[in-house]
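S.K.:
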DNA sequence: CGTTCCATTGAGATGTGTCAATTCAAGTGG
DNA sequence: CCACTTGAATTGACACATCTCAATGGAACG
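Residue numbers (the UniProt record's numbering), protein chains in the order written: chain A, 1 to 251; chain B, 1 to 251.
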């Protein structure tokens, strides 16, 4: 399954997102994905278990609910959504994943994925086989702790979403999501004020427990208040303070 | 901090919940808490790091949000709620914890508890210092995997709650909670149809994203339909199938 | 036997959902 | 390159589930 090294990039060229043969050691996302004090030989070991052979086209699945769990996945480029299908066939979007973020942890518990993951746009993925990761974690305490931390943060984020759904108005929910995306963009050294949403209004509404119409109305309202400029999926945050105020959470 | 062995129980007496010096090896909850193929000497090692010196009175805190994270905790008897306090001072109950269940995982991510945990009634707790657990996990692959699984299941459960909050009506939410408690009771060999709720209506409403009044009305409605008998905190499920139907989820 | 907290019930207000129509954007085939 | 189709987003009018406010009832506790 390994892919032959592509045409040689010039040496000083920063590896672009589509060069999916880049190793963790010189991946520009490693500050997000692996903020670890690992020896370079440790990184080599990790590199060796990671598979980078999975560029995904828009709307293709990375895994599906109830698939056997084998790996967790780091997003290298693009964006994905994770969603659960309920017994009566409805869908619930449980998260959006951007470059540097890791998904698939919900599959460990029962050896089967508890959600499906679908590409929102063309996405490059690093696959991390979990059994290898477990072995490596036993040998590298830092790595073990790192993955405990990643899972713990996923729990914390889910709990934030629970709070959002349980306590906040439509305005607050949408504002909070815009702020979240903005923050995560900044972490990747991208603009915190201008970006293109990779997901549809339906996905946003589904994620936030709102209908499409309500999401749309909130965007219109925000635009009228000059908090956001909205042009279909292109978003510009005109008034970050106003947006934070609307989100009603000062984090 | 260690407590002297209590008055000797007669040898054939099943250790009761208040005998908090029982070891994991003969704890009647270990099928829930530690369903592991561990050598008895492994269990001994685990026993040695676990501290059982924390009986908690009703409304006392086990830990508070932003406290330094040191341990995760297994409930031995009683019940607790976990809740987050938002920036603007409101509370969100994120979970209820019953005997055999483990809480505190959300603190690993940032070395500080992301929620508070409070006893809903007198509760006995096993404290599991996380640094010891990490070391032990490196040596015992089964144990490492077990804790990855526990955290993964917490993620899955949070995502179920997200779905519930996002997609389900008040009736469905309350019904789902009653079913969850019933199932967890059954796992502990207690009645699946009769139990006493340890939490208040306020807590239930808070957890489910509803007001107290709505929770109360749902209970009244369920009683009118002969699905439940409700006498303050005493619950009897009269029509389990009807309850499942009302919850609108067949799991 | 008050006092206090918790739970229940009712009446009315409101935010968001539902239904429906329109516009806009993207892709397809003639 | 232009019609045509299709899906996504917006906007409006109305309905309804849940919230809010308020009063009452009941259990627990000193």
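The beta-carbon is built from N, C-alpha and C at its ideal position, and this holds for glycine as well. Source: prediction; values computed, not measured.
What is the residue span of the beta strand (DSSP E) that residue 81(B) lies within?
M.R.: Translated into the one-based positions of the second chain, residue 81(B) becomes position 81. Segment 80-85, the beta strand (DSSP E) holding residue 81(B).
S.K.: Only counting the same chain, and skipping five residues up and downstream in sequence, which positions put a Cβ closer than 8 Å to that of residue 187(B)?
M.R.: Here residue 187(B) refers to the residue found at position 187 when the second chain is read from its first residue. 32, 100.
S.K.: Do residue 52(B) and residue 28(B) have their C-beta atoms within less than 9 Å of each other?
M.R.: Residue 52(B) sits at position 52 when you count from the first residue of the second chain. Residue 28(B) sits at position 28 when you count from the first residue of the second chain. Not a contact, by the Cβ cut-off of 9 Å.
S.K.: Cβ of residue 46(A) within 9 Å of Cβ of residue 103(A)?
M.R.: Along the first chain, read from residue 1 onward, the residue named residue 46(A) stands at position 46. Along the first chain, read from residue 1 onward, the residue named residue 103(A) stands at position 103. Not a contact, by the Cβ cut-off of 9 Å.
S.K.: Hey, how far is the Cα of residue 254(B) from the Cα of residue 246(A)?
M.R.: A query on residue 254(B) cannot be resolved here, the shown segment of chain B reaching from 1 to 251 and no further.
S.K.: Would DSSP call residue 112(A) helix, strand or coil?
M.R.: For this step, residue 112(A) is matched to residue 112 along the first chain. Correct three-state label for residue 112(A): strand.
S.K.: Please list the partners that residue 151(B) has in chain A, where partner means a Cβ-to-Cβ separation under 9 Å.
M.R.: Locating residue 151(B) in the second chain gives position 151, counting from the first residue. Chain A residues near residue 151(B): 105, 108, 109, 148, 151, 152, 154, 155.
S.K.: Tell me the DSSP secondary structure of residue 228(A) in three-state form.
M.R.: Your numbering for residue 228(A) matches position 228 in the first chain. DSSP places residue 228(A) in strand when its eight states are reduced to three.
S.K.: Just to confirm my understanding: we take residue 150(A), look at its own chain, exclude 5 residues before and 5 after, and list those with CB closer than 8 Å. What are they?
M.R.: Against the first chain, residue 150(A) aligns to sequence position 150. Counting only Cβ-Cβ distances below 8 Å, and skipping sequence neighbours, we find 102, 105.
S.K.: Could you tell me which chain A residues have their CB closer than 7 Å to the CB of residue 88(B), listed as they occur along the chain?
M.R.: Taking the second chain and counting its residues from 1, one reaches residue 88(B) at position 88. Under the 7 Å cutoff, chain A gives 248.
S.K.: Starting from the beta carbon of residue 141(A), find every residue of chain B whose beta carbon is closer than 7 Å, and list them in chain order.
M.R.: By one-based count along the first chain, residue 141(A) stands at place 141. Those within 7 Å of residue 141(A) in chain B are 134, 138.
S.K.: Using 9 Å as the limit for Cβ to Cβ distance, is residue 166(B) near chain A?
M.R.: In the second chain, counting from the first residue as 1, residue 166(B) sits at position 166. Cβ-Cβ to chain A under 9 Å: yes for residue 166(B).
S.K.: Does DSSP classify residue 198(A) as helix, strand or coil?
M.R.: Counting from one through the first chain, the residue named residue 198(A) turns up at place 198. It is coil, neither helix nor strand.
S.K.: Should residue 115(B) be flagged as near chain A, meaning a C-beta pair shorter than 9 Å?
M.R.: Position 115 of the second chain, counting from 1, holds the residue named residue 115(B). Closer than 9 Å: yes.
S.K.: Which chain B residues sit within Cβ distance under 7 Å of residue 211(A)?
M.R.: Translated into the one-based positions of the first chain, residue 211(A) becomes position 211. Correct list: empty, because the minimum Cβ distance to chain B is about 11 Å.
S.K.: Tell me whether residue 57(B) is buried or exposed, calling it buried when 16 or more other Cβ atoms sit within 10 Å of its Cβ.
M.R.: Residue mapping note: residue 57(B) aligns to position 57 of the second chain, counting from 1. So residue 57(B) ends up on the exposed side.
S.K.: If we cut at 9 Å on Cβ distances, does residue 57(B) have a partner in chain A?
M.R.: As a first step, residue 57(B) must be located in the second chain, where it is residue number 57. Chain A, which has no Cβ nearer than 9 Å to the Cβ of residue 57(B), makes this no.
S.K.: Quick test of your reading: residue 121(A) and residue 206(A), contact by CB under 8 Å. State the CB separation rounded to the nearest angstrom.
M.R.: Here residue 121(A) corresponds to residue number 121 of the first chain, with the count starting at 1. Here residue 206(A) corresponds to residue number 206 of the first chain, with the count starting at 1. Contact flag wrong, Cβ pair sits at about 17 Å.
S.K.: DSSP on residue 50(B), reduced to helix/strand/coil?
M.R.: To locate residue 50(B), count along the second chain from 1; it is residue 50. The answer is coil: DSSP assigns residue 50(B) none of H, G, I, E or B.
S.K.: Can you confirm whether the segment 132-146 of chain B touches the segment 77-90 of chain B when touching is taken to mean that 3 or more C-beta pairs between the two stretches lie within less than 8 Å?
M.R.: Touching, no.
S.K.: Would you call the segment 173-193 of chain B and the segment 202-222 of chain B in contact, with 3 or more CB pairs under 8 Å?
M.R.: The segment 173-193 of chain B vs the segment 202-222 of chain B: in contact.
S.K.: At a CB distance below 8 Å, what residues from the UniProt domain "Cyclic nucleotide-binding" (34-104) of chain A approach chain B? Give them in sequence order.
M.R.: Those residues of the UniProt domain "Cyclic nucleotide-binding" (34-104) of chain A that come within reach of chain B (Cβ to Cβ, closer than 8 Å) are 84, 86, 87, 88, 90, 92, 94.
S.K.: Does the separation of the CB atoms of residue 130(A) and residue 155(A) fall below 9 Å?
M.R.: Translated into positions along the first chain, residue 130(A) becomes position 130. Translated into positions along the first chain, residue 155(A) becomes position 155. No, the pair does not count as a contact, with Cβ atoms beyond the cut-off.
S.K.: If I measure Cβ to Cβ from residue 68(A) and keep anything under 7 Å in the same chain, skipping five residues before and after, which residues do I get?
M.R.: Residue 68(A) sits at position 68 when you count from the first residue of the first chain. Cβ within range, chain order: 111, 112.
S.K.: May I ask you to report which of helix, strand or coil DSSP gives residue 107(B)?
M.R.: What you label residue 107(B) is simply residue 107 of the second chain in a count that begins at 1. Helix at residue 107(B).
S.K.: Between residue 248(B) and the rest of its own chain, which residues show a CB-CB distance below 6 Å, the 5 nearest in sequence each way excluded?
M.R.: Here residue 248(B) refers to the residue found at position 248 when the second chain is read from its first residue. 172.
S.K.: DSSP on residue 122(B), reduced to helix/strand/coil?
M.R.: Indexing the second chain from 1 puts residue 122(B) at position 122. Coil.
S.K.: Could you name the residues that DSSP lists as bridge partners for residue 56(A)?
M.R.: Here residue 56(A) is taken as the residue at index 56 of the first chain, counted from 1. Beta-bridge pairing links residue 56(A) to 123(A).
S.K.: Report the CB separation of residue 115(B) from residue 83(B) in whole angstroms; it is logged as a contact under 8 Å.
M.R.: Here residue 115(B) refers to the residue found at position 115 when the second chain is read from its first residue. Here residue 83(B) refers to the residue found at position 83 when the second chain is read from its first residue. Right, their Cβ atoms sit about 6 Å apart.
S.K.: Three-state secondary structure (DSSP) at residue 211(B)?
M.R.: Taking the second chain and counting its residues from 1, one reaches residue 211(B) at position 211. The answer is coil: DSSP assigns residue 211(B) none of H, G, I, E or B.
S.K.: Could you spell out the range, first to last residue, of the alpha helix (DSSP H) harbouring residue 147(B)?
M.R.: For the purposes of this step, residue 147(B) is identified with residue 147 of the second chain, where counting begins at 1. Residues 141-167.
S.K.: Report all residues from its chain with a CB closer than 6 Å to the CB of residue 166(A); omit the five preceding and five following residues, and keep chain order.
M.R.: Indexing the first chain from 1 puts residue 166(A) at position 166. If we look at residue 166(A) and ignore the five residues flanking it on each side, it has no Cβ neighbours.
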